[in-house]
Amino acid sequence: GDTMTNSELVTAAGPAADNVFFTFAPDPRKNPSAAAVVKKFRDAKVEPEGYVMYAYAAMQLFADAANAAKSTKYKDLEKALRSGSFDTVIGKLSFDAKGDNKLPGFMVYQWQGGKYDYVKK
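First residue of the sequence shown: 36, per our numbering; consecutive thereafter.
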(Lines of atoms letter the chains of each structure in order from A and count residues from 1; the text may use other names and numbers.)
(Lines give C-alpha, C1' and ligand atoms only; values in the text may rest on other atoms or scores of the structure.)
Protein backbone atom coordinates (compact mmCIF):
# COMPACT_ATOMS: atom_id res chain seq x y z
CA GLY A 1 0.00 0.00 0.00
CA ASP A 2 2.92 2.42 0.43
CA THR A 3 2.99 3.44 -3.22
CA MET A 4 -0.70 4.31 -2.98
CA THR A 5 0.23 7.60 -1.25
CA ASN A 6 1.48 9.02 -4.51
CA SER A 7 -0.63 11.06 -6.92
CA GLU A 8 0.81 8.97 -9.76
CA LEU A 9 -1.93 6.45 -8.95
CA VAL A 10 -4.58 8.95 -10.06
CA THR A 11 -2.51 9.92 -13.09
CA ALA A 12 -2.36 6.28 -14.17
CA ALA A 13 -5.82 5.10 -13.10
CA GLY A 14 -7.90 8.25 -13.46
CA PRO A 15 -11.44 7.92 -12.06
CA ALA A 16 -10.85 4.18 -11.51
CA ALA A 17 -8.77 5.21 -8.48
CA ASP A 18 -11.94 6.32 -6.67
CA ASN A 19 -12.79 4.03 -3.76
CA VAL A 20 -9.34 2.42 -3.69
CA PHE A 21 -8.49 1.67 -0.05
CA PHE A 22 -4.97 1.31 1.35
CA THR A 23 -3.07 1.46 4.62
CA PHE A 24 -0.19 3.75 5.47
CA ALA A 25 1.23 5.51 8.51
CA PRO A 26 -0.62 8.62 9.76
CA ASP A 27 -0.36 11.55 7.35
CA PRO A 28 2.25 13.91 8.84
CA ARG A 29 0.94 16.80 6.73
CA LYS A 30 -1.98 16.89 9.19
CA ASN A 31 0.36 17.38 12.16
CA PRO A 32 0.35 21.06 13.25
CA SER A 33 4.05 20.83 14.15
CA ALA A 34 4.81 20.08 10.48
CA ALA A 35 2.98 23.12 9.07
CA ALA A 36 6.07 25.25 8.43
CA VAL A 37 7.93 22.44 6.67
CA VAL A 38 4.86 21.45 4.64
CA LYS A 39 4.53 25.09 3.56
CA LYS A 40 8.17 25.21 2.42
CA PHE A 41 7.67 22.12 0.27
CA ARG A 42 4.45 23.45 -1.21
CA ASP A 43 6.03 26.87 -1.86
CA ALA A 44 8.64 24.96 -3.87
CA LYS A 45 5.79 23.25 -5.81
CA VAL A 46 6.46 19.88 -4.14
CA GLU A 47 3.63 18.04 -2.41
CA PRO A 48 5.18 16.28 0.61
CA GLU A 49 3.17 13.09 0.18
CA GLY A 50 4.09 9.51 0.99
CA TYR A 51 7.51 9.15 2.57
CA VAL A 52 8.68 12.75 2.08
CA MET A 53 7.98 13.90 5.64
CA TYR A 54 9.19 10.58 7.07
CA ALA A 55 12.53 11.04 5.31
CA TYR A 56 12.69 14.60 6.67
CA ALA A 57 12.00 13.27 10.18
CA ALA A 58 14.74 10.65 9.76
CA MET A 59 17.26 13.40 9.07
CA GLN A 60 16.00 15.34 12.09
CA LEU A 61 16.47 12.21 14.22
CA PHE A 62 19.98 11.65 12.91
CA ALA A 63 20.97 15.26 13.59
CA ASP A 64 19.45 15.26 17.09
CA ALA A 65 21.03 11.91 17.99
CA ALA A 66 24.44 12.97 16.64
CA ASN A 67 24.26 16.22 18.62
CA ALA A 68 23.18 14.41 21.79
CA ALA A 69 25.89 11.76 21.38
CA LYS A 70 28.51 14.24 20.14
CA SER A 71 29.35 11.45 17.70
CA THR A 72 28.22 9.81 14.47
CA LYS A 73 29.38 6.31 15.45
CA TYR A 74 26.65 3.68 15.23
CA LYS A 75 26.74 2.58 18.90
CA ASP A 76 26.71 6.19 20.12
CA LEU A 77 23.77 7.07 17.84
CA GLU A 78 21.87 3.96 18.91
CA LYS A 79 22.34 4.81 22.59
CA ALA A 80 21.21 8.40 22.02
CA LEU A 81 18.12 7.30 20.07
CA ARG A 82 17.10 4.88 22.82
CA SER A 83 17.67 7.44 25.57
CA GLY A 84 14.69 9.72 25.10
CA SER A 85 12.22 11.28 22.73
CA PHE A 86 12.75 13.61 19.80
CA ASP A 87 10.53 16.29 18.28
CA THR A 88 10.16 15.80 14.53
CA VAL A 89 7.82 16.87 11.74
CA ILE A 90 5.89 13.62 12.20
CA GLY A 91 5.53 14.10 15.95
CA LYS A 92 7.47 13.19 19.06
CA LEU A 93 9.44 10.01 18.40
CA SER A 94 10.73 7.54 20.92
CA PHE A 95 11.68 3.91 20.63
CA ASP A 96 10.84 0.74 22.55
CA ALA A 97 13.33 -1.86 23.79
CA LYS A 98 13.38 -3.53 20.36
CA GLY A 99 14.08 -0.25 18.57
CA ASP A 100 10.59 0.14 17.08
CA ASN A 101 9.10 3.62 17.17
CA LYS A 102 6.15 4.12 19.50
CA LEU A 103 4.01 6.25 17.18
CA PRO A 104 0.68 4.83 16.02
CA GLY A 105 1.10 2.23 13.31
CA PHE A 106 -1.23 2.46 10.36
CA MET A 107 -4.36 4.20 9.18
CA VAL A 108 -6.85 3.16 6.51
CA TYR A 109 -7.14 5.62 3.61
CA GLN A 110 -9.42 5.95 0.61
CA TRP A 111 -8.90 7.69 -2.72
CA GLN A 112 -11.83 9.87 -3.80
CA GLY A 113 -11.93 12.62 -6.40
CA GLY A 114 -8.18 12.60 -6.99
CA LYS A 115 -7.26 12.88 -3.29
CA TYR A 116 -6.83 10.46 -0.43
CA ASP A 117 -7.81 10.84 3.20
CA TYR A 118 -8.46 8.76 6.29
CA VAL A 119 -11.50 6.52 6.10
CA LYS A 120 -14.17 7.91 8.40
CA LYS A 121 -15.70 5.46 10.85
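The beta carbon of each residue, even a glycine, is placed where N, CA and C say it ideally should be.
- Look up valine 143 in the DSSP assignment and say whether it is helix, strand or coil. Valine 143 sits in a strand when the DSSP states are folded into three classes.
- Query: Quick one: is phenylalanine 56 buried, meaning 16 or more other Cβ sit within 10 Å of its Cβ, or exposed?
  - Reply: With a threshold of 16 other beta carbon atoms within 10 Å, phenylalanine 56 falls short and is exposed.
- Whole-number beta carbon distance between alanine 69 and methionine 88, since they are thought to touch under 8 Å: With a Cβ gap of about 6 Å, methionine 88 and alanine 69 count as contacting.
- Item | Range of the contiguous beta strand (DSSP E) that encloses tyrosine 153 | Where tyrosine 153 is concerned, the enclosing beta strand (DSSP E) stretches over 150 to 153.
- Are the beta-carbon atoms of leucine 138 and proline 61 separated by less than 9 Å? In this structure, leucine 138 places its C-beta atom within 9 Å of the C-beta atom of proline 61.
- Query: Applying the criterion that 16 or more other CB atoms from any shown protein chain within 10 Å of the CB defines a buried residue, is valine 81 buried or exposed?
  - Reply: Around the Cβ of valine 81, a 10 Å sphere holds fewer than 16 other Cβ atoms; the residue is exposed.
- Return the Cβ separation of isoleucine 85 and asparagine 41 in integer angstroms, given the expectation that the two are a contact with Cβ distance under 8 Å. Per the sequence shown, residue 85 should be read as glycine rather than isoleucine. With a Cβ gap of about 5 Å, glycine 85 and asparagine 41 count as contacting.
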